[in-house]
Amino acid sequence: MDKRAYLSRLSDNLERYVPDQERWDILRWYEEYFKDAGEENEQAVIQELGDPATLARRLAEERGYGQKRRGPRMWQILVGAVIVVAIAIPLMALSPLAQLMGFHRVYDPVEFVTTVPVQQEPAPEYSEQVTVDEGGVDVYISAEGVNVDLHPEDISSPSVRTNGMSTDGDNLDWGFDGQYLYVDWYGNGESDQKAAGTLTVAIPAIWKLNNVSVYVDGAGDAAVSDLPPCHELYVDTEVGNVTAKRIVGVSDYLSLHASVGDVSFDGLPASGGYSYLSVETGDISATLYCADKSIPYDLSTDVGTVTVDGTSCGTSASYSSGSYEYDFNAWANVGDVSLTFDPEAVAGVIQGEYDSGITIIGTFPPVTVETAAFDLTQGSLTASAEELGGSALYTNSEQIRVKVEKTGEFQGSVMLWDTENSDSFIRIQDVDRGNAAVTFDGLSAAHRYRVTASGLEGAMVTVTG
Amino acid sequence: MAFAMGTPLLDACVLAVLSGGDAYGYSLTQRVKERLDISESTLYPVLRRLERDGYLRVYDRPFQGRNRRYYAITPVGRTCLDKRRGEWIGFRDGVDELLKEENEHG
């Protein structure tokens, strides 16, 4: 049997035990497994995986679905989705999301646009490699439904203050034992409300730091600035903005994240490891100061824009780590990516493959890179089967029609993925010479999907919405 | 082999691989299989559980015309990993000590 037949048998067997969403997640896992093993290893993988019925049963048992299906658990997924939407809607004002939600953009081939370099004041002097001694203080801030502001001050011991909110024992619990500063703010449990106020944590400017974590649960902004060198820095909020200013001394790991909100950052990357700036819904803006060595940055948003000002970057050589292919990864699933670097300052070469499918090799000119979701209300998309899956499709109707054109006999399938739901796999339809046009019905209007083709190499595919 | 690998230990091994860098499903499976004899139905449930518990997060990147799903350890995952490392060292040393005992009673 071939891969499609195997997955089809696996799907049929899974259907007896697990709900649809789970089945699609499992199929996606194995579909990717096959793809990454490579076509040449298809039979070897099939041998490896064994009988599809047995595999399905084992998977079902491991996932706790040992018995035959009782009923759908979609309700649990739906309730979760409703809660996320209820939080997201009032917070639209945080970023130009309103523009994005009415996002209509006709697909253009990607263009490189030359922009005039911005006149910059000389970049501040930042050291190339931060070495953080052992023995620093750990700072751990956990707050619910409140903004957090962490910065150093000219004081001799840490202080925690609020702007008028009560700090009695029910809300605030904090302490410092010489090595570990913890600050816990307990909200009122209604974490989907607007943040109650701001909790300001001030640390002595002379402190050495080890790891710094700021977590905001529910609604609240998180702001850190001017931190002394540290090993790791995590700033995370569910609904709110993350702002990190003048952060230049992180040695191992930097992560700024908001689920719904904006992240803005200026400073140096983590000199010995990864720097992640990520949001699910919101914008990322970063002013980067790059040192002599290139260090991987990963800036990503699902729905939003990424804007990078790298005009203060020095040389940036290529970086590789095992099979990772990126040096500088700036990605928006639906939205614009704009990167600006100054060719005078960048003496080296930035090598890497951008996730929009563009490769930039060579002396780095100022570029503006745009990615867009293809708008099916403006027309149909025609692409080769290989290129089809690259962009999101935006449709206003509840139906997507796919037509396959290829000379001679052919047999394959087209698949539909839900870009707005973690790009999960939704549907599959077989196509062949006798049945070359298929329709995906009952979709959500004003929604983003992706269509991919399997087994249709050399075909041209037309998608209308 | 006589010994079964418990779930928390397997979780820790997967988190440890991810602590060295994000990985997609296939490469992660190969990395673990280099050292452990696991079946192809083992890793998927482990990853789902780790994600549910917040120890790892998931993101997608387009790759050759499709989306490829990557797994990344979270700060909470790192904390869990450190704890498990400590527990493993204690467990392993205890077993080593016992296994080294000579059987004096023949």
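Protein sequences appear in the order of chains Z and F.
Residues 15 to 479 in my numbering are what the first sequence lists, from first letter to last.
Residues 1227 to 1332 in my numbering are what the second sequence lists, from first letter to last.
Cβ atoms here follow ideal geometry from the backbone N, Cα and C, with glycine treated the same way.
Is the Cβ of residue i closer than 7 angstroms to any Cβ of chain F?
i	result
LEU164/Z	no
LEU247/Z	no
LEU407/Z	no
ARG77/Z	yes
GLU46/Z	yes
LEU395/Z	no
ARG72/Z	yes
LEU270/Z	no
LEU195/Z	no
VAL477/Z	no
LEU223/Z	no
LEU69/Z	yes
THR129/Z	Reliability of the predicted coordinates at THR129/Z is poor, the pLDDT of 28 falling under 50, and the value obtained from them is presented with this limitation in mind. So, not an interface residue.
Have a look at the options and flag the residue whose alpha-carbon is nearest the alpha-carbon of residue i.
i	options	result
ASP312/Z	VAL322/Z, ARG71/Z, THR321/Z, LEU291/Z	LEU291/Z
LEU247/Z	SER289/Z, GLN425/Z, ALA397/Z, THR466/Z	SER289/Z
VAL416/Z	VAL226/Z, GLY422/Z, ASN410/Z, ALA399/Z	ALA399/Z
MET1252/F	THR176/Z, GLY52/Z, GLN35/Z, LEU268/Z	Checking the sequence, you will find Tyr at residue 1252/F rather than Met. Of the candidates THR176/Z, GLY52/Z, GLN35/Z, LEU268/Z, the one whose C-alpha sits nearest the C-alpha of TYR1252/F is GLY52/Z.
ASN449/Z	VAL428/Z, TYR463/Z, SER394/Z	VAL428/Z
ILE169/Z	ALA209/Z, VAL215/Z, ASP316/Z, ALA157/Z	VAL215/Z
ASP13/Z	ILE155/Z, VAL445/Z, GLU46/Z, ASN225/Z	No answer is possible for residue 13/Z: the residues shown for chain Z start at 15 and end at 479.
PHE1229/F	GLU1323/F, ASP1263/F, VAL1243/F	ASP1263/F
ARG447/Z	TRP188/Z, THR421/Z, ALA459/Z	THR421/Z
TYR1297/F	GLY1316/F, ILE1315/F, GLY1247/F	GLY1247/F
PHE48/Z	GLU36/Z, TRP38/Z, GLN35/Z, LEU63/Z	LEU63/Z
ALA236/Z	PRO243/Z, CYS244/Z, SER227/Z	SER227/Z
VAL465/Z	ILE414/Z, GLU76/Z, ASP16/Z	ILE414/Z
SER468/Z	THR453/Z, ARG462/Z, ALA219/Z, GLN425/Z	GLN425/Z
TYR1281/F	ILE1315/F, ARG1318/F, SER1245/F	SER1245/F
PRO242/Z	PRO33/Z, VAL262/Z, LEU402/Z	VAL262/Z
GLY149/Z	ARG462/Z, VAL477/Z, ASP65/Z, GLN193/Z	GLN193/Z
GLY472/Z	LEU24/Z, LEU69/Z, ALA397/Z	ALA397/Z
SER269/Z	SER314/Z, VAL445/Z, THR176/Z, ALA233/Z	SER314/Z
Contact criterion: CB-CB distance below 7 angstroms. Does residue i meet it with respect to chain Z?
i	result
SER1245/F	no
PRO1234/F	no
Write down the C-beta distance between residue i and residue j rounded to the nearest angstrom, noting that I regard them as a contact closer than 8 angstroms.
i	j	result
ILE217/Z	VAL162/Z	The Cβ separation is near 13 angstroms, so there is no contact.
VAL5/Z	VAL249/Z	Residue coverage of chain Z in this structure runs from 15 to 479, which leaves residue 5/Z outside it and unanswerable.
ARG1294/F	ARG1283/F	With a Cβ gap of about 15 angstroms, ARG1294/F and ARG1283/F do not count as contacting.
LEU223/Z	CYS244/Z	4 angstroms
ARG77/Z	GLU36/Z	7 angstroms
Would residue i and residue j qualify as a contact pair, given that the criterion is a beta-carbon distance under 7 angstroms?
i	j	result
ILE442/Z	ASP432/Z	no
LEU1210/F	VAL1272/F	Beyond the ends of chain F as shown, which are 1227 and 1332, falls residue 1210/F; an answer cannot be given.
LEU73/Z	SER1265/F	no
LYS259/Z	ASP276/Z	no
VAL274/Z	THR295/Z	yes
ILE1299/F	LEU1241/F	yes
MET474/Z	GLU419/Z	yes
ALA1238/F	ARG1304/F	no
TRP221/Z	VAL151/Z	yes
LEU158/Z	GLY201/Z	The sequence given here places Glu at residue 158/Z; Leu does not occur at that position. Their beta carbons are under 7 angstroms apart, which means GLU158/Z touches GLY201/Z by this criterion.
PRO166/Z	LEU195/Z	no
VAL160/Z	GLY211/Z	yes
SER411/Z	ALA459/Z	yes
GLY479/Z	LEU402/Z	no
ILE298/Z	VAL317/Z	no
GLY189/Z	ALA209/Z	no
TODO: Check each residue of the stretch 48 to 63 of chain Z: if its Cβ is closer than 8 angstroms to any Cβ of chain F, include it; give the result in chain order.
DONE: LYS49, ASP50, ALA51, GLU62, LEU63
Task: Where the stretch 1243 to 1270 of chain F meets chain Z: residues whose CB sits under 8 angstroms from a CB there - done: GLY1247, ASP1248, TYR1250, GLY1251, TYR1252, SER1253, THR1255, SER1265, GLU1266, SER1267, THR1268, TYR1270
Open item on the list: Any C-beta of chain F within less than 8 angstroms: which residues of the stretch 21 to 43 of chain Z qualify?
Closed with: ASP39, ILE40, ARG42, TRP43
- [ ] Below 8 angstroms between beta carbons is the criterion; list the residues of the stretch 226 to 240 of chain Z that meet it against any residue of chain F, in chain order.
- [x] SER227
Open item on the list: Give me the subset of the stretch 274 to 292 of chain Z whose CB atoms are less than 7 angstroms from a CB atom of chain F, sorted by chain position.
Closed with: none
TODO: Could you name the residues of the stretch 1293 to 1312 of chain F whose beta carbon sits closer than 7 angstroms to any beta carbon of chain Z, in the order they occur along the chain?
DONE: ASN1293, ARG1294, ARG1295, PRO1301
Task: Contacting positions in the stretch 310 to 323 of chain Z - beta carbon closer than 7 angstroms to chain F - done: SER314
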